[in-house]
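S.K.: First the structure, which I've put down as structure tokens, then a few questions once you've had a look.
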Amino acid sequence: MKQYLKILPLLGISLFGEENLNLLLNKYEYEAELSKITKKEEAGVLDIYTSHDLQMMQIKTLEDLLRILPGFHYTRQYDNLTVLQKPSISSRQLSSVRLYVNDHDLSSNSFGSSFLIWGKLPLEYIDHIEVYKGAASVEFGNETSTVIIKMYTKSPQREEGSKIRLYGDNYGSKNVDAYIASKNDSFSYFAYANTNAIKRRSYTNEFNGKEYALDSGITGNNIYANIKYEDWFAELGSYTKKGDNFLGLGIYATPSGGDVDSAHSYLHLTKTFSSNIKLQLSYDNVHFQREYKDENGIYLGNGGVVQNYNVGFDDNLIAATLEKKFIYEKHMLLLGSFVKKENFSEDGEFIEPISNYYYKSSYSNTQYFYSLYGEYSYDYDPNTRFIASVKEDYIKYRKYIPSTQEFTAKLGLIKHIGRLQIKAFLTKTYAPLAYYQLYTPDNVPFYSNKELKNMHINIGSLVFLYKKQYDLFKFVVAKNQVEDAIYFDPVYAKGYVNSSKVMDYNYFEFSYQHNFDLKNKIVTTFYYGDKKTTSYESPKFTALVQLFSHYDKYDFYSEVLYNSAYSYANIDCDPSYDVTSSLKYHYSKDLSLGIRGENIFGTGYKQVYDGYDSAISVTDRKVWFNMEYLF
Amino acid sequence: MKKLLLILLLASSLLASDVTTERKIYAVIVHALLPELQKVKVWCSDRSKERIFQAMQGVVCVASQNDADFVLLSENTDINSQAVKFVTSYKLLLEKNLDAVGGFFWQKGRPNILFLRKNLQDHHIVLPQSMQEYIEDEL
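Same order as they appear, the protein sequences are chains A and B. All residue numbers for the first sequence refer to this note's numbering, where the first residue is 1 and numbers rise by one. All residue numbers for the second sequence refer to this note's numbering, where the first residue is 632 and numbers rise by one.
This is how it looks when you write it as structure tokens:
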């Protein structure tokens with residue numbers, strides 16, 4: 001009997017749990033996802049891409065994610081630079097979308113958008129990504145924005161070990177990622193390196209009986225490292241990228257050379273004190289060189305027509321953020337300050353060999369940015385939270401450009417009613433001017449555009465989330481109102497000017513997610529944006545269906561991206577269907593092999609380029625082969 | 632027989648109760664390593680880990696390692712206890728002086744459970760069949 005008694009508890013455990021240890025581990029991994037710690041529900045309309053999602057999708061670079069980011073169309077500019085479009089609006093660099101790695105803001109004011117350099121960033125060192133829409137960046141310090149993409153790096157505490165990832169495609173692209181992570185009681189480090197050469201489909205353009213190649217390949221190198229010692233956290237990041245400039249800037253899109261060469265390096269130091277005080281210091285150095293050659297001419301604003309167009313931007317900035325959080329029962333108060341000094345310069349060289357025209361122009365200036373901000377949240381009851389945040393920015397320049405002072409405010413409510421969560425936000429903010437808007441490269445000699453004002457944005461957004469055990473419904477409605485919108489006037493001002501009209505924009509999003517279990521789910525998202533005018537330069541309506549599936553040693557992911565028809569520059573674009581699927585085979589816990597097909601049927605979203613006679617597919621029809629090994 | 636039913640009820644209520652998954656995992660591990668004990672005495676080198684065991688049925692936290700049946704180590708410390716030792720990091724599993732039977736830790740981006748065959752044998756522990764996949768001969 002005693003023997004039985006010894007065995008029976010084992011039997012009991014076997015019956016009730018031990019056979020489920022694998023399931024428990026899966027559940028634990030799901031529950032312990034870092035995104036559950038880092039997400040800030042108060043910060044806006046939130047989309048999360050967990051480490052598990054990114055792995056199943058076999059995400060390679062940021063553009064794989066931007067392609068399917070609700071609320072935007074991902075496309076590329078004439079010169080092959082990554083750009084986002086809001087539905088129904090033309091492609092433009094959105095300075096109001098800011099990109100972060102952990103707490104570091106990658107955006108540079110010189111060009112208004114971080115995507116110019118970081119848009120094709122390899123993501124193997126990123127654990128998860130949070131996208132906040134309708135946000136004022138009070139919660140994240142730094143400069144204001146309405147959309148924040150926060151990329152969190154992998155944690156040495158979770159990743160201890162090393163990894164190598166290799167992938168390539170049927171065009172001959174190659175990529176290598178490698179990282180190492182280690183930790184002990186008080187010290188940890190993570191170091192990552194990447195190099196790649198990505199090839200793209202080449203197009204041609206015929207002009208005056210001559211054929212011109214439109215290439216858009218890129219090569220890049222990315223390094224990231226962090227060290228954590230007790231309450232100190234130091235990060236180093238560096239990304240260099242060189243790319244063909246596709247159609248270029250020529251009048252007839254007939255490029256005969258040139259490239260876009262960029263580099264951004266940064267250091268970021270964070271010290272966390274025991275009394276809820278956080279101090280951050282950072283240094284950035286940015287170089288962005290664009291060289292265009294076109295024998296049939298590049299229009300240079302008031303400089304006439306040239307064949308060689310070479311413009312370089314250089315930024316270096318130092319910044320500091322100090323925050324203190326007070327938490328008392330139902331109240332939370334965050335007070336913070338942000339200061340930045342940014343030196344920026346632009347050098348332009350323009351040549352017209354036939355007429356022997358040579359022009360060189362340059363400028364430099366310094367921006368001083370001071371900001372004070374606060375956020376208060378009050379839990380009225382366990383189901384009701386009120387949020388209020390304010391921010392006052394003072395922007396001063398060393399010379400020429402007048403100082404400005406801007407106020408940002410947000411009011412929010414998060415309410416739970418049973419399974420329903422309601423989030424409501426009212427935001428009053430602005431988009432800071434980019435230096436290229438203040439000093440237009442197309443206006444030589446360069447001079448400061450003193451009349452230009454910041455663009456002011458009012459946003460109202462309402463989110464309904466309804467959760468059941470396996471289902472999640474989300475409905476978002478947002479209304480934007482833009483005052484002092486900035487546009488390029490090539491005829492009169494030959495530069496950027498403010499619009500006197502108030503622009504309205506309406507946005508609707510509906511998504512439904514069904515979780516079959518922890519590793520199998522289907523997500524459908526529909527979104528619609530309308531700028532309320534008669535001309536629409538990009539699709540108004542998008543539908544996205546994503547299927548995440550796991551069986552035995554296989555991960556399967558598939559997405560279908562539908563964009564409605566649109567017409568621009570007298571070119572009609574039919575509705576597009578971009579089908580992307582990936583399959584990953586886990587040979588062992590440490591070795592996996594994958595294949596990913598993108599734009600499988602060649603019917604994906606196409607971009608119209610003014611001056612080119614047909615729309616060009618944003619995503620190539622490609623097959624990627626992927627190998628990952630952990631050791 | 633009453634004892635048997637009691638233990639079965641204990642295990643079932645433990646795993647059905649609304650406790651964290653981490654706690655459930657440790658409950659399975661503790662009872663699989665020490666199946667004959669109705670009340671397992673646990674000592675944690677990191678006191679913050681005691682929260683995992685505090686609401687666990689069939690388990691009690693003790694103040695001294697010498698009184699413990701199961702020792703959870705989060706650091707390499709001098710340990711004289713004859714208790715079954717379990718660690719929270721891969722590096723500690725490599726420490727010969729600790730002689731740990733296994734560990735539950737994050738590594739390579741995923742949570743891992745690992746038992747060492749030799750150390751299990753030294754403690755005369757036989758894990759059930761369904762847990763054999765977590766046993767390694769060497770690291």
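Beta carbons: idealized from backbone N, C-alpha and C, even for Gly. The structure displayed is predicted, hence computed values, not measured ones.
Between the region 669 to 683 of chain B and chain A, which residues of the former have CB atoms less than 7 Å from a CB of the latter, in chain order?
M.R.: If the cut-off is 7 Å between Cβ atoms, the region 669 to 683 of chain B has nothing near chain A.
S.K.: Please list, in chain order, the residues of the region 147 to 172 of chain A that have any C-beta partner in chain B closer than 9 Å.
M.R.: Residues LYS154, SER155, GLN157, ARG158, GLU159, GLU160, GLY161, SER162, LYS163.
S.K.: For A:LYS27, which residues in the same chain have their Cβ closer than 7 Å to its Cβ, ignoring the five residues on either side in sequence?
M.R.: Only LEU518 meet the Cβ criterion.
S.K.: I want to see whether chain B comes within less than 9 Å of A:GLU31, judged by CB atoms only; does it?
M.R.: It does; some Cβ of chain B falls within 9 Å.
S.K.: Determine, using beta-carbon pairs with one atom in the region 197 to 208 of chain A and one in the region 177 to 188 of chain A, whether at least three such pairs fall under 8 Å.
M.R.: Judged by Cβ distances under 8 Å, the region 197 to 208 of chain A makes no contact with the region 177 to 188 of chain A, as fewer than three pairs qualify.
S.K.: Using a Cβ-Cβ distance cut-off of 9 Å, determine whether B:GLU726 contacts chain A.
M.R.: Answer no: the Cβ-Cβ gap between B:GLU726 and chain A never drops below 9 Å.
S.K.: List, from N- to C-terminal side, the beta strand (DSSP E) runs of 3 residues or more that fit wholly inside the region 548 to 595 of chain A.
M.R.: Runs of the beta strand (DSSP E) inside the region 548 to 595 of chain A: 554 to 563, 566 to 568, 571 to 573, 576 to 586.
S.K.: Excluding five sequence neighbours on each side, which residues of the same chain lie with their C-beta closer than 6 Å to the C-beta of A:TYR507?
M.R.: Correct list, in chain order: ALA478, GLY529.
S.K.: Is the CB-CB distance between A:ALA181 and A:PRO156 below 9 Å?
M.R.: Yes.
S.K.: Do the CB positions of B:TYR657 and B:PHE684 come within less than 9 Å of each other?
M.R.: Cβ distance < 9 Å, so B:TYR657 and B:PHE684 count as in contact.
S.K.: Any idea which residues DSSP pairs B:GLY740 with across the strands?
M.R.: Its beta-bridge partners do not exist; DSSP assigns none.
S.K.: Taking C-beta pairs closer than 8 Å, name the residues in chain B that A:ASN184 reaches, listed in chain order.
M.R.: Neighbours of A:ASN184 on chain B, chain order: LYS722.
S.K.: Would you say B:VAL757 and B:PHE746 are within 9 Å of each other, going by their C-beta atoms?
M.R.: Contact flag unset, no.
S.K.: Looking at the secondary structure, which residues open and close the alpha helix (DSSP H) in which A:ASN64 lies?
M.R.: The amino acid occupying residue 64 of chain A in the given sequence is Asp; Asn does not appear at that position. From DSSP, the alpha helix (DSSP H) with A:ASP64 extends over 62 to 66.
S.K.: Write down every uninterrupted run of the beta strand (DSSP E) in the region 475 to 522 of chain A whose length is 3 residues or greater and which is fully enclosed by it, in chain order.
M.R.: 486 to 489, 495 to 498, 503 to 517, all fully within the region 475 to 522 of chain A.
S.K.: A:ASP442 and A:ASN302: beta carbons closer than 9 Å?
M.R.: The answer is yes: Cβ separation under 9 Å.
S.K.: Hey, quick one: how far does the beta strand (DSSP E) through A:PRO255 stretch, first residue to last?
M.R.: Start and end: 255 to 257.
S.K.: To the nearest angstrom, report how far apart A:ARG76 and A:GLU509 are at their CA atoms.
M.R.: A:ARG76 and A:GLU509: Cα-Cα distance of roughly 24 Å.
S.K.: If you follow the beta strand (DSSP E) that B:VAL659 is part of, which residue opens it and which one closes it?
M.R.: Note, B:VAL659: premise wrong, no beta strand (DSSP E); alpha helix (DSSP H) at 652 to 664.
S.K.: Would you list the residues sitting across from B:VAL690 in a DSSP beta bridge?
M.R.: According to DSSP, B:VAL690 bridges with B:VAL671.
S.K.: Measuring CA to CA, which of A:GLY412, A:LYS39, A:LEU279, A:ILE218 is closest to A:GLY258?
M.R.: Looking at the Cα atoms, A:ILE218 is the closest of the given residues.
S.K.: For B:HIS755, does the count of other Cβ atoms within 10 angstroms reach 16, so buried, or fall short, so exposed?
M.R.: By the 10 Å Cβ count, B:HIS755 comes out exposed.
S.K.: Checking contacts by CB at 9 Å: is A:ASP552 closer than that to chain B?
M.R.: Answer no: the Cβ-Cβ gap between A:ASP552 and chain B never drops below 9 Å.
S.K.: Show which residues of chain B have a CB atom less than 7 Å away from the CB atom of A:SER28.
M.R.: The sequence shown places Tyr at residue 28 of chain A, not Ser. Under the 7 Å cutoff, chain B gives THR652, GLU653, ILE656, PRO742.
S.K.: Spell out whether any CB of chain A is found under 9 Å from the CB atom of B:LYS739.
M.R.: Closer than 9 Å: yes.
S.K.: Compare the C-beta of A:SER51 with all C-beta atoms of chain B and state if any pair is closer than 9 Å.
M.R.: At least one chain B Cβ lies under 9 Å of A:SER51.
S.K.: Quick one: Cα of A:VAL523 to Cα of A:LYS415, how far?
M.R.: Looking at the two C-alpha atoms, the distance is approximately 24 Å.
S.K.: Does the CB of A:ASP231 have a neighbour CB from chain B at under 9 Å?
M.R.: No, A:ASP231 does not count as interfacial toward chain B.
S.K.: Can you give me the C-alpha to C-alpha distance between B:LEU704 and A:ALA32, rounded to a whole angstrom?
M.R.: If you take the alpha carbons of B:LEU704 and A:ALA32, they lie about 21 Å apart.
S.K.: If we count the other Cβ atoms within 10 Å of its Cβ and call it buried at 16 or more, is B:GLN763 buried or exposed?
M.R.: Answer is exposed; the Cβ neighbour count stays below 16.
S.K.: A:SER51 by DSSP, collapsed to three states: which one?
M.R.: Helix.
S.K.: Specify the secondary structure class of A:ASN208 as computed by DSSP and reduced to three states.
M.R.: Three-state DSSP puts A:ASN208 in coil, outside helix and strand.
S.K.: For A:LYS494, I'd like the list of residues in its chain whose CB is within less than 8 Å of its CB, leaving aside the five on either flank, ordered along the chain.
M.R.: GLY301, ASN302, THR440, ASP442, ASN443, listed in sequence order.
S.K.: Buried or exposed, going by whether 16 or more other CB atoms sit within 10 Å of the CB of B:GLU769?
M.R.: Flag for B:GLU769 reads exposed.
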